[in-house]
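If you use this note's numbering, the sequence shown corresponds to residues 3 to 107, in order.
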Amino acid sequence: MMIKKISQNEFNEVLNSKAAVVDFSATWCGHCKRLAPVLEEVAEDMKGNVSFFNVDVDEAPALAAQLEIQSVPALFVFKEGKSVGMQVGFAPKEQLIQFIKEKLD
């Protein structure tokens, strides 16, 4: 599995990464379940360049509130500790790769 599930307390790992994508999701969310395998493929394709993480919003409500997440799945792209982009909802693999690359350029 290329995507590391992290807790609110482990979020500094994201901020300390050069490039990271964080998938904020929930176990009850249908679109999150559809996105998970697609995101695994994206993580596999981009390994070595970008770190991928998953946070369950129900287990990290303070973090979700801090980032003003109102819908899941919400994908955040972080570059050297700063949020540089966010996308909500399901997207196909090619679109996700393009979105991530654009935000990290």
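Just so you know, even glycine gets a beta-carbon here, dropped at the ideal spot from N, CA and C.
Since the model is a prediction, treat every value here as computed from it, not as a measurement.
In this structure, DSSP gives Gln72 a state outside helix and strand, which the three-state scheme calls coil. Excluding its 5 nearest sequence neighbours in each direction, Phe78 has C-beta neighbours in its own chain below 6 Å: Val24, Ser85, Met88, listed in chain order.
Residues of the same chain with a CB within less than 6 Å of the CB of Gly83, apart from the 5 flanking positions on each side, are Leu17 in chain order.
In chain order, Leu65 place their CB closer than 7 Å to the CB of Phe13, counting only its own chain and leaving out the 5 sequence neighbours on each side. Scanning Asp107, Ile99, Lys103 for the CA closest to the CA of Val40 turns up Ile99. The C-beta separation of Phe80 from Ile5 comes to about 14 Å, leaving the pair out of contact by the 8 Å criterion.
A distance below 9 Å separates the beta carbons of Ala38 and Ser27.
Within the same chain, Pro75, Gly91, Phe92 come within 7 Å of His33 by CB-CB distance, once the 5 residues on both sides are set aside. If you check the CB distance, Ser9 and Val57 come in under 9 Å. Residue pairing for Val23: DSSP places it in a beta bridge opposite Phe54, Val79.
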